[in-house]
Amino acid sequence: MKVLVPVKRVVDYNVKVRVKSDQSGVDIANVKMSMNPFDEIAVEEATRLKEKSVATEVVAVSCGVAQSQETLRTAMAIGADRAILVQTDAELQPLAVAKLLKAVVDKEQPQLVILGKQAIDDDANQTGQMLAALLDWPQATFASKIEVSGDSATVTREIDGGLETVSLKLPAIVTTDLRLNEPRYVTLPNIMKAKKKPLDTTTPEELGVDAAPRLKTLKVSEPPARSAGVMVADVAALVDKLKNEAKVI
Amino acid sequence: MSILVIAEHDKAQLRGATLNAVAAAQKIGGDVHVLVAGQGVQAIADQAAKLAGVAKVLLADGPALAEGLAENVAAQVLAVAQGYGHIVFAATAEGKNVAPRVAAKLDVAQVSDIIAVDSPDTFQRPIYAGNAIATVQSADAVKVLTVRTTAFDPVAAEGGQASVEAVDAVADSGLSSFVGREVAKSDRPELAGATVVVSGGRGMGSAENFKLLEPLADKLGAALGASRAAVDAGYAPNDWQVGQTGKIVAPQLYIAIGISGAIQHLAGMKDSKVIVAINKDAEAPIFGVADYGLVGDLFQAVPELTNSL
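Same order as they appear, the protein sequences are chains A and B. Heads up: the first sequence at position 162 corresponds to 162 in the numbering used here, and the numbers run straight through without jumps. Heads up: the second sequence at position 240 corresponds to 1240 in the numbering used here, and the numbers run straight through without jumps.
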């Protein structure tokens, strides 16, 4: 069974981004970039499926700028066997990424695609579900456990208030939640090995996909700032403030 | 053009998130219709018909819709979507699961997690864990939206007199099947809609210590929440996580106990009306957003606070 894992290059989760003064976007010049944390969980899960001999090959794919090669090398250092970069400098929105991934799926014919549930830059939480719809495949979003047996996958999902388990006919789409696994640390020997693994590059044009954005960003602004409050000396003072000043208890 | 809101329910009752989604739909302007999909959900359709400002309720009742499987619910929405200019979901686990499937099938963009309606085609939404707000305009014929429930005050649950119209329920896709569901039973209010939230972090130290928050939550009628660190450490269940990728809350009062305040956590609670932080580290970032901060040992402060309420 082949597993496809899409990965996205995003601003590192430790970076607090700044809005540009002309409100055209956030300033990502010279900030640290990393693999989207949910995608790292996806690569780890696919790698574990391979280590359990459930998967035979793990293919990482990324859509975006040339530097996304670094993200793909990280995926291969975790355990992906090879990688595909759909290279473009154009802005990509989730629907476009889903269409690009569908074109890759049509070529690669994986039985399972594992994606992160959302990217921590645009926080859209759309691509996996959109890909499932375009392929007419079943989906299990926000997975905390994946078991593959025969031609089906049983997936436990995090829902509001608890957990839900669904069974999917393969081929299928799964998106990862935080508790699915804890990704391994990438070791130096594996980073060296990853450099020798194959990385193919294609483009939206070669895949015959119109990746033009549908949403126009009119502006990006700072969120309303919260003014710093006061420190209270003890619990009695806190209770007094909550009762008489904030009037919330 | 009319607006279609997809109702959420737990088979017995309409969920509160639907009231927020209807409120957002009303800001767009136009007749608001509500789709209730499920099995044996006439009573829920009747509840939806009473919501203030709802013009019509569509009721799709059939076995394929019983467990809310994304494939079937999306197909049901698409089956009735003709003629609607906006399709609106609450940005809950359910809404987020289904909405993008609908958008992709319609070949339109989805605008996720809107916090304001500027015009029928222009919306505001948080990006980068709420560190920036994007104003986006959709040129697509149909706008598929998910609504951040805390950003829109719910409509009144009573007062409307909408008609209920039965529509054909879709057949099962055959792609997926429901296996089971474990939902924690609790007398406490639902985290996302609670007026008071008491949240614990890594500073709680253990799952055993986390129970220290229960008497406080009981006194305040509060929901319990947690930081990611506390959930990862196994102190609290997954669905208590407040933050960028967990629950987004905006209660009247948010009490953060032993939570340092990573940006991902702040993203989930900084729109709360009043924030209280109790932490032994005076440098903790949580104090930067707290209205009232108390530096001290939570194991003393929490029981003392509980006893003084």
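Here a beta-carbon is modelled for each residue, glycine too, at the ideal position from N, C-alpha and C.
**Report entry** Counted within 10 angstroms of its Cβ, other Cβ atoms place B/Ala1139 as buried (16 or more) or exposed
**Finding:** exposed
Query raised in the report: Rounded to whole angstroms, how far is the Cβ of B/His1033 from the Cβ of B/Leu1058, which I believe are closer than 8 Å?
Result: 6 Å
Query raised in the report: Whose C-beta lies closer than 7 Å to the C-beta of B/His1148 among residues of the same chain, with five residues either side of it excluded?
Result: Residue 1148 of chain B is actually Arg in this sequence, not His. Same-chain partners within the cutoff: Ala1091, Asp1113, Ile1114, Ile1115, Ile1248.
Query - chain B contacts from the region 61–89 of chain A (Cβ-Cβ distance under 7 Å) - result: none
Requested in this report: Could you pull out every unbroken alpha helix (DSSP H) segment of at least 4 residues lying fully inside the region 1157–1236 of chain B, listed in chain order?
Outcome: 1207–1210, 1213–1220, 1228–1232
Query raised in the report: So, are the CB atoms of A/Lys8 and A/Asp27 less than 8 Å apart?
Result: Annotated as distal: A/Lys8 and A/Asp27, with beta-carbon spacing of 8 Å or more.
Requested in this report: Select from the region 108–140 of chain A all residues with a C-beta closer than 9 Å to any C-beta belonging to chain B, and list them in chain order.
Outcome: Lys117, Gln118, Ile120, Asp121, Asp122, Asp123, Ala124, Asn125, Gln126, Thr127, Gly128, Gln129, Met130, Leu131, Ala132, Ala133, Leu134, Asp136, Trp137, Pro138, Gln139, Ala140
Query - Interface residues of chain A facing B/Tyr1084 [CB-CB closer than 9 Å] - result: By Cβ distance, chain A contributes nothing, its closest Cβ being about 18 Å from B/Tyr1084, past 9 Å.
Report task. Please state whether DSSP places B/Asn1097 in a helix, a strand or coil. Result -> helix
Query - Segment contact flag, the region 1061–1079 of chain B with the region 1098–1112 of chain B, C-beta cutoff 8 Å, min 3 pairs - result: With a cut-off of 8 Å, the region 1098–1112 of chain B and the region 1061–1079 of chain B count as touching, because enough Cβ pairs lie within range.
Query raised in the report: From A/Gln139 to A/Lys16, what distance separates their C-alpha atoms?
Result: 32 Å
Query - Amino acids of chain A, ordered along the chain, whose beta-carbon sits closer than 8 Å to that of B/Leu999 - result: No statement about residue 999 of chain B is possible, as the shown extent of chain B runs from 1001 to 1309 and does not include it.
Query raised in the report: So, does the CB of B/Gly1288 fall closer than 8 Å to a CB anywhere in chain A?
Result: yes
Requested in this report: With 8 Å as the threshold, decide whether the Cβ of B/Val1036 is near any Cβ in chain A.
Outcome: no
Query - Reference B/Ile1286; option with closest CA among A/Met231, A/Ile78, A/Gln111 - result: Checking every option, the nearest Cα to that of B/Ile1286 belongs to A/Met231.
**Report entry** Own chain residues within Cβ distance below 7 Å of A/Ala119, not counting five before or after
**Finding:** Lys8, Val10, Asn36
Requested in this report: Spatial neighbours of B/Val1108 within its chain, please: CB distance less than 8 Å, with the 5 preceding and 5 following residues excluded, ordered by chain position.
Outcome: Ser1138, Asp1140, Ala1141, Val1142, Lys1143, Val1144
Requested in this report: Using 10 angstroms around the beta-carbon of B/Phe1089, count the other beta-carbons present and answer buried if the total reaches 16, otherwise exposed.
Outcome: Buried is the call here.
Report task. Determine the burial state of B/Asn1020: buried for a count of at least 16 other Cβ atoms within 10 Å of its Cβ, exposed for fewer. Result -> Under this definition B/Asn1020 is a buried residue.
Report task. Determine, using beta carbons only, whether B/Pro1189 comes closer than 8 Å to chain A. Result -> no
Query raised in the report: Hey, is A/Lys145's beta-carbon within less than 8 Å of any beta-carbon in chain B?
Result: No, its Cβ sits nowhere closer than 8 Å to a Cβ of chain B.
Query raised in the report: Of all Cβ atoms in chain B, is any one closer than 8 Å to the Cβ of A/Pro223?
Result: yes
Query raised in the report: In whole angstroms, what separates the C-alpha of A/Lys197 from that of A/Leu85?
Result: Roughly 13 Å separates the two Cα atoms.
Requested in this report: Keeping to the same chain, check which residues put their C-beta closer than 6 Å to that of B/Ser1002; ignore five residues upstream and five downstream.
Outcome: Excluding residues up to 5 positions away in sequence, Gly1030, Asp1031, His1033, Tyr1084 lie with their Cβ nearer than 6 Å to the Cβ of B/Ser1002 in the same chain.
Query raised in the report: What distance in whole Å lies between the Cβ atoms of A/Thr88 and A/Gly64, which are believed to be in contact at a cut-off of 8 Å?
Result: 7 Å
Report task. Show which residues of chain A have a CB atom less than 8 Å away from the CB atom of B/Val1136. Result -> Ordered by position in chain A, the residues that pass the 8 Å Cβ test against B/Val1136 are Leu215, Lys216, Thr217, Leu218.
Query raised in the report: How about B/Gly1193 and B/Ala1052: do their beta carbons lie closer than 8 Å?
Result: no
Query - Check: B/Leu1106 C-beta below 7 Å from any heavy atom of the ligand HEM - result: This structure does not include the ligand HEM; it has no bound ligands of any sort.
Query - Sequence ranges, alpha helix (DSSP H) only - wholly within the region 1056–1100 of chain B, length at least 4 - result: 1070–1080
Requested in this report: Would you grab the beta carbon distance between A/Gly161 and B/Ala1207 for me? Rounded to a whole angstrom, and I think it's under 8 Å.
Outcome: Not really, about 19 Å apart at Cβ, beyond 8 Å.
Report task. Could you tell me whether any Cβ in chain B is nearer than 8 Å to the Cβ of A/Lys241? Result -> yes
**Report entry** Cross-strand partners of B/His1009 (DSSP beta bridge)
**Finding:** B/Leu1014
Query raised in the report: Between B/Gly1243, B/Val1242, B/Met1204, B/Leu1224, which lies nearest to B/Ala1233 when the distance is taken from Cα to Cα?
Result: B/Met1204
Requested in this report: Look at the alpha carbon of A/Val19 and the alpha carbon of B/Gly1261, and state the distance between them as a whole number of angstroms.
Outcome: 21 Å
Query raised in the report: What residues from chain A crowd round B/Asn1238, counting only those whose CB sits closer than 9 Å?
Result: What B/Asn1238 touches in chain A: Ser144, Glu158, Gly162, Leu163, Asp177, Leu178, Arg179.
Query raised in the report: Near A/Phe142, which residues of its chain fall below 6 Å by C-beta distance, leaving aside the five closest residues on each side in sequence?
Result: Lys117, Arg157, Glu158, Asp177
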